[in-house]
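Note sheet for the following structure.
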Amino acid sequence: MAAWLGLEGVVHLLTVSEESAVAHTKQLESVFALLGRRLARLSAGDSAEVRAAAYEADVVVGTVDDFVADLGRETELGIVRHAAVIEGDPTGALVQLLDMYRRVMPG
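Residue 100 is where the sequence shown starts when you use our numbering, and the numbers rise one by one after that.
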């Protein structure tokens with residue numbers, strides 16, 4: 100789903116765990132390389148500069164916590180919240196985050 104939506108515009112793939120984020124990134128890397136599209140991975144320890152660069156990719160993969168950490172920093176980091184693909188059921192802070200997206204799809 101994320102790969103298909105990534106062809107239309109910026110997509111954020113919100114995963115339930117670090118392991119899932121790594122697995123999804125590995126799965127999508129070869130597809131995106133063939134298509135000439137950009138894939139980025141958010142991580143908790145990334146600097147603001149690295150995070151801003153990641154948000155310029157066609158698909159950004161990270162855990163829910165990785166994306167929630169950037170709430171309110173949209174202008175600073177250049178975040179466009181076009182579409183989100185999520186794993187699991189949205190609860191807590193994720194509900195607030197998903198309200199900021201134009202389109203939300205289950206993973």
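Quick reminder that beta carbons are idealized off the backbone N, C-alpha and C, glycines included.
Item                                                                                      : Value
Of the listed residues Ile185, Asp145 and Leu127, nearest to Asp157 (C-alpha basis)       : Leu127
From Glu186, His181 and Gly187, residue whose alpha carbon lies closest to that of Asp198 : His181
Reduced DSSP category for Ala182 - H, G, I as helix; E, B as strand; rest coil            : strand
Top-ranked residue by Cα proximity to Glu117, from Met204, Glu186 and Val203              : Glu186
Coarse secondary structure for Tyr200, derived from DSSP in three states                  : coil
Residue range of the beta strand (DSSP E) that includes Thr124                            : Here Thr124 belongs to no beta strand (DSSP E); instead the alpha helix (DSSP H) covers Glu117 to Leu134.
Heavy atom of the ligand MG within 6 angstroms of Ala132 beta-carbon                      : The model on display carries no ligand, and the ligand MG is accordingly not part of it.
Start and end residues, beta strand (DSSP E) containing Arg150                            : Note, Arg150: premise wrong, no beta strand (DSSP E); alpha helix (DSSP H) at Ala147 to Ala153.
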